[in-house]
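Okay, structure first, notes after.
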Amino acid sequence: MDEEREYGRAEGKAFRLLTLRAHSEKELCAKLRAGGFPAPVVERVVRRCRELGYLNDEAFARQRARALAVNRLAGDRRIAFDLRERGIDAGLSARVIAEVRGELDEEEAVKRLLRKKIRGRPVAALTEREKAGLARSLMGKGFPTGLILKILKKTEEEGFHDDDGE
0 MDEEREYGRA
10 EGKAFRLLTL
20 RAHSEKELCA
30 KLRAGGFPAP
40 VVERVVRRCR
50 ELGYLNDEAF
60 ARQRARALAV
70 NRLAGDRRIA
80 FDLRERGIDA
90 GLSARVIAEV
100 RGELDEEEAV
110 KRLLRKKIRG
120 RPVAALTERE
130 KAGLARSLMG
140 KGFPTGLILK
150 ILKKTEEEGF
160 HDDDGE
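Quick note on numbering: numbering that gives the first Met the number 0 labels position 147 of the sequence shown as 146, and the sequence is numbered without any gaps.
See the structure below:
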């Protein structure tokens, strides 16, 4: 009876957590264990949440990758790191990143961030120190150095030529 009471409490906590936002299995397990629930109870609750469709690592990974790529303009490396930290395996991570990049590729994300950071100033007018700072900032967002340098050079020479009017 005591284990059933623990199970009920753990299930309630899991449902509350999952109503706030989607979680990966790893995240939910960690939060339930941190709540003091024993491993067998946590495993049962996670299994039940999966059966009910409340816990789905693939859907979570897709949603998280899209939020990072499109809303926060993160690079593939940053997205992969974030998903790995949340317990998503590399294969699934690569698949969902590729799907999301069909919507907004890394090059366009770098251009958008660059445009936002320089606020209308021409790249050619930036000092070397400012360009280096921009490059570091973009690398911190998970973009490859080669892509960043290529776009900085291209925009320095040509400016931004997009159809979005900016």
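Heads up, the beta-carbon is just placed ideally off N, CA and C, and yes, glycines get one too.
Between the C-alpha atoms of P143 and D81, what's the straight-line distance to the nearest angstrom? 16 Å
Can you tell me the Cα-Cα spacing of S23 and A13, whole angstroms? 12 Å
When you compare only the Cα positions, how much space is there between G139 and A29? 27 Å
Taking contact to mean at least 3 C-beta pairs separated by less than 8 Å, is the stretch 51-68 in contact with the stretch 91-98? yes
Which class does A9 belong to by DSSP, given the choice of helix, strand or coil? helix
Three-state secondary structure assigned by DSSP to D75: helix
Using only alpha-carbon positions, find the residue among E127, R128, L133 that is nearest to R118. L133
Counting only C-beta atoms, is G141 closer than 8 Å to chain D at any point? This model lacks chain D altogether; it includes just one protein chain.
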